[in-house]
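Trainee:
In this note's numbering, the protein residues as written are 200 to 463.
Pasting the structure below:
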């Protein structure tokens, strides 16, 4: 019942080179609806139309993707979260990131670093040296799903010549005071249903695999940009087919290997 999605590089412009593609699946609807602040739905409208409960008649309970324009700009994180604030010696954000992936293209094979100080990550995420300051490391693995705040890197470069670092960490508690759910989600039981808050943080150029999370997602961009492609749940059977390039990693995590970019 969850929408399938892939997060793509902003400069990806060409489709897969050959063979069948999930971008050719029927029923393409075009751009996702984007609502300015004055047109945000009420909490009731949001629950009934955009995120209906199980058993709803709204599009087989799949819900409707929507962009709430300006939501991130209303949160303190949009002005407080800077490299300087994170790296300062007297920073109120003296926290540890529980997971930093060592590749910007999600393969689950590049490995990850654990317990990385946020200040160390910020000092080096553009040149790939942060992992050397961490308190250990490990193999690749699945990060948690769920909605929450995310952030693109500020003033970041490409990290050439070193590791490509990508923070995919539970949002540390001191940072949670700087984000909140917008009114359509916060009213009613929205806050009680929040499963997890995740911080995505890099110098740019990240790309995910095609996947469907177990929960609905509220993606919030505080800096940079995020480009997504979405597929209705009805296409799940086709997406998870060998014909369209689906395969599983040795850890059993779902991975898709056939996407070279958005459709031409």
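Just so it is clear, CB atoms sit at the ideal spot from N, CA and C, and this is done for glycine as well.
Just the C-alpha distance for residue 261 and residue 247, rounded to the nearest angstrom, thanks.
Mentor: As a first step, residue 261 is located in the chain shown; it is residue number 62 there, counting from the start. As a first step, residue 247 is located in the chain shown; it is residue number 48 there, counting from the start. Straight-line Cα distance between these residues: approximately 11 Å.
Trainee: DSSP three-state call for residue 219: helix, strand or coil?
Mentor: In the chain shown, residue 219 corresponds to position 20, counting from 1. It is coil, neither helix nor strand.
Trainee: Per DSSP, residue 400 is paired with what?
Mentor: In the chain shown, residue 400 corresponds to position 201, counting from 1. BP columns for residue 400 point to 366.
Trainee: Give the DSSP-derived three-state secondary structure of residue 288 in the structure shown.
Mentor: Here residue 288 corresponds to residue number 89 of the chain shown, with the count starting at 1. Residue state, collapsed to three classes: coil.
Trainee: Can you tell me which residues form a DSSP beta bridge with residue 426?
Mentor: Locating residue 426 in the chain shown gives position 227, counting from the first residue. Residue 426 pairs with 207.
Trainee: Report the rounded CA-to-CA distance for residue 422 versus residue 319, giving the unit in angstroms.
Mentor: Position 223 of the chain shown, counted from the first residue, corresponds to residue 422. Position 120 of the chain shown, counted from the first residue, corresponds to residue 319. Going from the Cα of residue 422 to the Cα of residue 319 covers about 20 Å.
Trainee: With a threshold of 16 other CB atoms inside 10 Å of the CB of residue 368, please say whether the residue is buried or exposed.
Mentor: Start at 1 with the first residue of the chain shown, and residue 368 comes out as number 169. When all chains shown are included, residue 368 counts as buried.
Trainee: Just the Cα atoms here: how many angstroms apart are residue 317 and residue 290?
Mentor: Within the chain shown, numbered from 1, the residue matching residue 317 stands at position 118. Within the chain shown, numbered from 1, the residue matching residue 290 stands at position 91. C-alpha separation (whole angstroms): 10 Å.
Trainee: Give me the Cβ distance between residue 268 and residue 235, rounded to the nearest whole Å; I'm assuming they're in contact under 8 Å.
Mentor: Looking up residue 268 in the chain shown gives position 69. Looking up residue 235 in the chain shown gives position 36. Sure, about 5 Å apart at Cβ, within 8 Å.
Trainee: Quick one: give me the first and last residue of the alpha helix (DSSP H) that residue 321 is part of.
Mentor: Counting from one through the chain shown, the residue named residue 321 turns up at place 122. Start and end: 317 to 323.
Trainee: If you draw a straight line from the alpha carbon of residue 202 to that of residue 288, how long is it in whole angstroms?
Mentor: Counting from 1 along the chain shown, the entry for residue 202 is found at position 3. Counting from 1 along the chain shown, the entry for residue 288 is found at position 89. The straight-line gap from Cα to Cα measures roughly 42 Å.
Trainee: Name the two residues that bound the continuous alpha helix (DSSP H) containing residue 384.
Mentor: On the chain shown, position 185 is the one that residue 384 refers to. Residue 384 -> alpha helix (DSSP H) spans 382 to 385.
Trainee: Using a Cβ-Cβ cutoff of less than 6 Å, which residues in the same chain neighbour residue 221 once the five nearest sequence positions on both sides are dropped?
Mentor: Counted from its first residue, the chain shown places residue 221 at position 22. 438 and 443, listed in sequence order.
Trainee: Report the rounded CA-to-CA distance for residue 242 versus residue 370, giving the unit in angstroms.
Mentor: On the chain shown, position 43 is the one that residue 242 refers to. On the chain shown, position 171 is the one that residue 370 refers to. C-alpha separation (whole angstroms): 25 Å.
Trainee: Which residue wins for smallest C-alpha separation from residue 384, given the options 401, 436 and 393?
Mentor: Taking the first residue of the chain shown as position 1, residue 384 is located at position 185. Answer by Cα proximity: 393.
Trainee: If you draw a straight line from the C-alpha of residue 278 to the C-alpha of residue 436, how long is it?
Mentor: Your numbering for residue 278 matches position 79 in the chain shown. Your numbering for residue 436 matches position 237 in the chain shown. Taking the straight line from one Cα to the other gives about 43 Å.
Trainee: So what does DSSP say about residue 410, is it helix, strand or coil?
Mentor: Against the chain shown, residue 410 aligns to sequence position 211. Correct three-state label for residue 410: strand.
Trainee: Which of the three DSSP states is assigned to residue 238 in this structure?
Mentor: Taking the first residue of the chain shown as 1, we reach residue 238 at position 39. Three-state result, residue 238: helix.
Trainee: Answer yes or no: do residue 301 and residue 311 have a C-beta to C-beta separation smaller than 8 Å?
Mentor: Start at 1 with the first residue of the chain shown, and residue 301 comes out as number 102. Start at 1 with the first residue of the chain shown, and residue 311 comes out as number 112. Yes. Within cutoff.
Trainee: From the DSSP output, in three-state form, read off residue 374 for me.
Mentor: Position 175 of the chain shown, counted from the first residue, corresponds to residue 374. In this structure, residue 374 counts as helix in the three-state DSSP scheme.
Trainee: Leaving aside the five residues before and after residue 265 along the sequence, list all residues of the same chain whose C-beta is less than 6 Å from its C-beta, in chain order.
Mentor: Indexing the chain shown from 1 puts residue 265 at position 66. The residues are 232 and 249.
Trainee: According to DSSP, simplified to helix, strand and coil, what is residue 394?
Mentor: As a working mapping, residue 394 is identified with position 195 in the chain shown. Coil, per DSSP.
Trainee: I'd like to know whether the C-beta atoms of residue 270 and residue 419 end up nearer to each other than 8 Å.
Mentor: Mapped onto the chain shown, residue 270 falls at position 71. Mapped onto the chain shown, residue 419 falls at position 220. Yes, they are a contact pair.
Trainee: Whose CA, out of 321, 377, 433 and 396, lies closest to the CA of residue 472?
Mentor: Because the chain here runs from 200 to 463, residue 472 falls outside it and cannot be looked at.
Trainee: Go ahead and label residue 237 buried or exposed: buried means 16 or more other beta carbons lie within 10 angstroms of its beta carbon, across all protein chains shown.
Mentor: Looking up residue 237 in the chain shown gives position 38. Classification of residue 237: exposed, given that the 10 Å Cβ count is below 16.
Trainee: What residue does the beta strand (DSSP E) around residue 265 start on, and which one ends it?
Mentor: The residue labelled residue 265 in the question sits at position 66 within the chain shown. Element bounds for residue 265: 265 to 267.
Trainee: Once DSSP output is grouped into helix, strand and coil, what is the label at residue 311?
Mentor: Against the chain shown, residue 311 aligns to sequence position 112. Strand, per DSSP.
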